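J.: Sending over a structure as structure tokens; questions will come in a sec.
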Amino acid sequence: MDELLRIPMFPLTIFPLPGEMVPLHIFEPRYRELLRDAEERDMAFGIYFNHTLNTEKLGSLMKLESVIKRYEGGESDIIVKCQDLFRMETLFRNFKEKLYPGGDVEFWQVDLHEPVGLKLRQEFEQFMHLLKISKIPSPCSVFHIANELGLDFEEKIKFVLAEKEKRSTFLSARIKFQKHLLMQAEKAKDVFHLN
Numbered sequence: 003m004d005e006l007l008r009i010p011m012f013p014l015t016i017f018p019l020p021g022e023m024v025p026l027h028i029f030e031p032r033y034r035e036l037l038r039d040a041e042e043r044d045m046a047f048g049i050y051f052n053h054t055l056n057t058e059k060l061g062s063l064m065k066l067e068s069v070i071k072r073y074e075g076g077e078s079d080i081i082v083k084c085q086d087l088f089r090m091e092t093l094f095r096n097f098k099e100k101l102y103p104g105g106d107v108e109f110w111q112v113d114l115h116e117p118v119g120l121k122l123r124q125e126f127e128q129f130m131h132l133l134k135i136s137k138i139p140s141p142c143s144v145f146h147i148a149n150e151l152g153l154d155f156e157e158k159i160k161f162v163l164a165e166k167e168k169r170s171t172f173l174s175a176r177i178k179f180q181k182h183l184l185m186q187a188e189k190a191k192d193v194f195h196l197n
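Spelled out as structure tokens, the structure:
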């Protein structure tokens, strides 16, 4: 097992994947303190996926991207971006002397610059073309594709726990399914007539 590191922790019922941006509304005093520390120290923190589906104790390493709005009462709307995934060993009530929790974690060291194979990239480009989106990240990793597909919690867990080689197969099947749904929606437009 790799070395465990203790990081600040924010338990939530969300599971961002690497590269994913997430809006958060910060209102509790302990997480307002976490936000202050993240701003002042350019500090990353973990979002532990606090859900019964999470039997593997997975979480996401997050960095603050921007503060969108600050409210008079001390609340804030922020955007955070997922940098990596981790498996949590232990969750602590407090991180050092802080109000917010902490956790001992083992990082996965996800590489967002590892490109996908040509076949999956072509399938993804066709899917994005159907959505009328032409800009595709380069290099395009499996996580970039997974983020575009809008996977639910269960699918995200299956995807990240799959062996590396099987992740592409998983995404390919998901792309085919979503393409099918898009084509069905297009056909349905032709059936309905405005009066």
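Every number in the working numbering is 2 more than the matching position in the sequence shown, counting from 1. Backbone N, C-alpha and C define an ideal beta-carbon position, used for all residues, glycine too. Keep in mind that this is a model prediction, so the values were computed, not measured.
1) When the Cα atoms are used, what is the spatial distance from residue 112 to residue 146?
2) Helix or strand or just coil, what does DSSP make of residue 106?
3) Taking the alpha carbon of residue 2 as the point to measure from, which residue in 10, 11, 7 and 18 has its own alpha carbon closest?
4) Express the C-alpha separation of residue 66 and residue 89 in angstroms, rounding to a whole number.
5) Where residue 48 and residue 106 are concerned, what is the direct C-alpha to C-alpha distance, given to the nearest angstrom?
6) State buried or exposed for residue 23, treating a residue as buried only when at least 16 other CB atoms are found within 10 Å of its CB.
7) How would you write the range of the beta strand (DSSP E) that residue 23 sits in, first residue to last?
8) Could you check whether the region 123-132 touches the region 20-39, counting it as contact only if at least three pairs of C-beta atoms, one from each stretch, sit closer than 8 Å?
9) Residue 159 lies in the alpha helix (DSSP H); which residues open and close that run?
10) Work out the CA separation of residue 156 and residue 55 for me, nearest whole Å.
11) Leaving aside the five residues before and after residue 20 along the sequence, list all residues of the same chain whose C-beta is less than 7 Å from its C-beta, in chain order.
12) So, under 8 Å CB-CB, residue 2 and residue 163 are touching, yes? Tell me the CB distance rounded to an integer number of Å.
13) Among 26, 189 and 185, which has the Cα closest to the Cα of residue 130?
14) Rounded to whole angstroms, what's the CA-CA distance from residue 82 to residue 26? Just pull it up for me.
15) Identify the continuous beta strand (DSSP E) that holds residue 88 and give its terminal residues.
T.: By the coordinates alone:
1) Distance between the alpha carbons of residue 112 and residue 146: 12 Å.
2) Here residue 106 sits in strand by DSSP.
3) The first residue shown for the chain is 3 and the last is 197, placing residue 2 beyond what the model contains.
4) Going from the Cα of residue 89 to the Cα of residue 66 covers about 21 Å.
5) Near 10 Å, if we compare the C-alpha coordinates of residue 106 and residue 48.
6) When all chains shown are included, residue 23 counts as exposed.
7) Start and end: 23-28.
8) The answer is no - the region 20-39 does not touch the region 123-132, with fewer than three Cβ pairs under 8 Å.
9) Counting along the chain, residue 159 sits inside the alpha helix (DSSP H) bounded by residues 155-163.
10) Distance from the CA of residue 55 to the CA of residue 156, rounded to the nearest whole angstrom, comes to 7 Å.
11) For residue 20, same chain residues with a beta-carbon under 7 Å away, outside a window of 5 residues either side, are 84, 85, 86, 87, 112, 114 and 145 in chain order.
12) Summary: the structure shown does not reach residue 2, with the chain confined to residues 3 through 197, and so no result is reported for it.
13) Residue 185 is the option with its Cα nearest to residue 130.
14) Going by the C-alpha atoms only, they are around 8 Å apart.
15) Unbroken beta strand (DSSP E) run through residue 88: 78-94.
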